[in-house]
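Here numbering that gives the first Met the number 0 is used: the first residue of the sequence shown is 0, the next is one more, and so on. We put the CB at the ideal spot given by N, CA and C, even for glycine.
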Amino acid sequence: MDYQIGVYNIYWMRDLFDKDGNPKTSGEEKLRSEWIAEIILAMDPDFLGIVEGPNTLVSQTKTASAQLELWTQEFLPGSNYKGVHGFPSPGQQELCAIYKADRLKVLFTPETEAGKRFDEPFLMDTTDRLIKEQYKHYRPPLELSILDTNDSFISRVIVAHTKSKGIFDKVDFARYEQLSKRDRLRLFAECMHIRERVDAYLEKGEQTMVMGDINDGFELDFYENKFSKSAVELLMGDP
């Protein structure tokens with residue numbers, strides 16, 4: 000059976016909900032939700048990874064998946080989408096997904112072994128000096144397992160939104176250079192960590208998809224050329 004798989008950076012989707020997690024149904028937010036719904040209808044995905052989704056609180060009193068389900072009921076009436084989310088991030092742009100419950104089952108299946116979890120600090124050698132330094136994902140990548148309705152495994156999915164390299168504070172040139180280098184190495188570390196997980200899945204013979212917003216490309220800035228590698232290439236398995 001074929002499935003439609005997609006990913007969508009909805010850009011500050013949390014703004015489309017009120018403080019109680021209900022979809023806003025008036026004003027500019029309603030219009031924007033209607034535009035987004037048109038795009039999703041055109042895509043007609045069985046599974047849609049979402050970047051910059053609605054907030055999940057640590058207390059779980061408000062979750063991205065519950066808000067997504069309310070949103071689809073309001074703006075995609077008649078659809079059978081369910082939501083899924085993972086570890087909450089310290090920011091306000093969550094990783095989550097929706098899927099057609101009559102076509103698929105999607106489970107949050109994170110690695111729980113100490114030192115490998117996406118929601119804990121990890122060590123990575125980003126400069127090829129045989130020195131591992133500590134990093135942490137700003138937004139823990141979302142690890143999912145996609146099954147068919149008979150519980151047969153289809154694929155692993157990792158939805159990622161790696162940290163932006165943008166520097167938005169006013170700083171002098173020396174500080175700008177320091178922050179640029181730091182952010183580039185952090186981006187390398189996050190993508191290397193995700194690639195380690197992909198390799199572990201592939202070694203088990205499990206199909207794996209990585210999707211999301213990597214905040215990087217090929218030859219986009221000075222520091223990529225300085226380090227002679229890009230985060231995207233590291234994610235693809237090219238050291």
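Checklist entry - With burial defined as no fewer than 16 other Cβ atoms inside 10 Å of the residue's Cβ, what is the status of L234: buried or exposed? => result buried
Kindly indicate which three-state DSSP category A188 falls into: helix, strand or coil?
-> helix
Whole-angstrom C-beta distance between R138 and S88, which should lie under 8 Å: 4 Å
Open item on the list: So the candidates are E33, F86, K23, Q91; which of them puts its Cα closest to the Cα of R110?
Closed with: According to the sequence as given, residue 110 is Glu; it is not Arg. Selected option, being the one with the closest Cα: F86.
Are the CB atoms of E28 and L15 nearer to each other than 7 Å? yes
- prompt: Taking the C-alpha atoms as reference points, what is the distance between D19 and I9?
  reply: 20 Å
| task | Would you kindly report the start and end of the unbroken beta strand (DSSP E) that includes S154? | result | 152-160
Within the 7 Å Cβ cut-off, does M42 reach chain D? Any reference to chain D falls outside this structure, which holds one protein chain only.
If I'm right that R13 touches Q133 with Cβ under 8 Å, what's the distance once you round it to whole angstroms?
Not quite, the Cβ-Cβ distance comes to about 29 Å (not below 8 Å), so this is no contact.
Run of the beta strand (DSSP E) containing E132, from where it starts to where it stops = 132-134
Give every residue of the same chain whose Cβ lies closer than 7 Å to the Cβ of Q66, excluding the five residues on either side of it in the sequence, and list them in chain order. F16, G20, P53
Among K61, K135, K131, whose alpha-carbon lies nearest the alpha-carbon of V83?
K61
Item to complete: Please classify E112: does DSSP put it in a helix, a strand, or coil?
Response: coil
Alpha-carbon spacing of W34 relative to Q3, whole angstroms: 20 Å
- Query: Pairing CB atoms from the region 202-213 with CB atoms from the region 154-161, are three or more of them under 8 Å?
  - Reply: yes
Report task. Determine the closest residue to S227 out of H192, V156, T126, with distance taken between C-alpha atoms. Result -> T126
Helix, strand or coil, according to DSSP, for I145 in the structure here? strand
- prompt: How would you label A188, buried or exposed, when you count the other beta carbons within 10 angstroms and need 16 or more for buried?
  reply: buried
Original post:
Which word fits K131, buried or exposed, when buried means at least 16 other C-beta atoms lie within 10 angstroms of its C-beta?
Top reply: exposed
How would you write the range of the beta strand (DSSP E) that L122 sits in, first residue to last? 121-123
#### Entry: Beta-carbon proximity list for R31, same chain, < 7 Å, skipping 5 on both sides
L15
(request) With a threshold of 16 other CB atoms inside 10 Å of the CB of F221, please say whether the residue is buried or exposed. (result) exposed
Cα-Cα separation, A113 to T71:
36 Å
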